[in-house]
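Take a look at the structure below.
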Amino acid sequence: MISFLITLGVFLLMEGVTWLTHKYVMHGLMWYFHADHHQPKYEHVFERNDIFFVIFAIPSIVLFYYGVEGGINYLFFIGLGITLYGFCYFMIHDVLIHQRFKWFKNTKNKYLIGLRKAHKVHHKHLGKEEGECFGMLFVPFKYYKI
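Just so we're aligned: the sequence shown equals residues 2 to 147 in this note's numbering.
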């Protein structure tokens with residue numbers, strides 16, 4: 002039970018980490034890597050912004066490594082929470098919203114439509130300033146209205 006609570010807690014905490022990272026790192030210090038993501042069309046299959054998947058994967062890999070040393074311990078479940086959030090982020094951001102893979106083109110789910118609307122508002126700003134809606138899985142309720 003404690004392993005589930007650790008995983009769930011870290012998963013939920015990752016939304017805050019993502020929001021802060023997106024607002025202050027991606028739209029700040031590391032804008033160089035995120036800027037191409039805000040352009041209307043992608044030139045290549047990969048974009049510089051994809052480096053953030055690697056950056057977020059490193060702590061998970063390290064936590065998994067030390068989390069299985071001498072038997073599974075709490076570090077494993079912290080890494081699992083980060084990894085599960087990363088998977089959900091990929092499915093929502095890259096698959097559902099940006100359609101990098103055409104798997105869920107015509108959803109009628111109000112929650113998913115709200116996430117898509119909020120992200121569209123985020124992307125109306127092509128520069129690093131004046132952004133809004135930096136979260137991914139939890140966005141303001143106004144975006145869920147039809």
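For every residue, glycine included, the Cβ atom is placed at its ideal position computed from N, Cα and C.
Just so we're clear, the structure is a prediction, and the values are computed from it rather than from any experiment.
Local conformation of Phe-47 per DSSP, three classes: Sequence index remark: in the sequence shown, residue 47 carries index 46 (1-based). Looking at Phe-47 - three-state DSSP - the assignment turns out to be coil, as it is neither helix nor strand.
Please go through the region 70–129 and give each complete alpha helix (DSSP H) segment of 4 or more residues, from N-terminal end onward. 75–90 and 111–124
Along the chain, where does the alpha helix (DSSP H) containing Val-63 start, and where does it finish? Locating residue 63 in the sequence shown gives position 62, counting from the first residue. From DSSP, the alpha helix (DSSP H) with Val-63 extends over 52–68.
Between Ala-36 and Arg-49, is the Cβ-Cβ spacing less than 9 angstroms? On the sequence shown, position 35 is the one that residue 36 refers to. On the sequence shown, position 48 is the one that residue 49 refers to. Contact: yes.
Taking only the alpha-carbon atoms, compute the straight-line gap between Val-46 and His-94 and give it to the nearest angstrom. As a working mapping, residue 46 is identified with position 45 in the sequence shown. As a working mapping, residue 94 is identified with position 93 in the sequence shown. Distance between the alpha carbons of Val-46 and His-94 is about 15 angstroms.
Mind the definition here: the region 4–24 touches the region 69–85 only if three or more C-beta pairs lie below 8 angstroms; say whether that holds. yes
With a Cβ-Cβ cutoff of 9 angstroms, do Leu-116 and Val-140 count as a contact? The sequence position of residue 116 within the sequence shown is 115, counting from 1. The sequence position of residue 140 within the sequence shown is 139, counting from 1. Taking 9 angstroms as the Cβ cut-off, Leu-116 and Val-140 qualify as a contacting pair.
My output table needs one value for Val-11: the three-state DSSP class, helix, strand or coil. Taking the sequence shown and counting its residues from 1, one reaches residue 11 at position 10. DSSP places Val-11 in helix when its eight states are reduced to three.
Start-to-end residues for the alpha helix (DSSP H) that takes in Phe-34: Your numbering for residue 34 matches position 33 in the sequence shown. It spans 32–35 - the alpha helix (DSSP H) in which Phe-34 sits, taken as one unbroken run.
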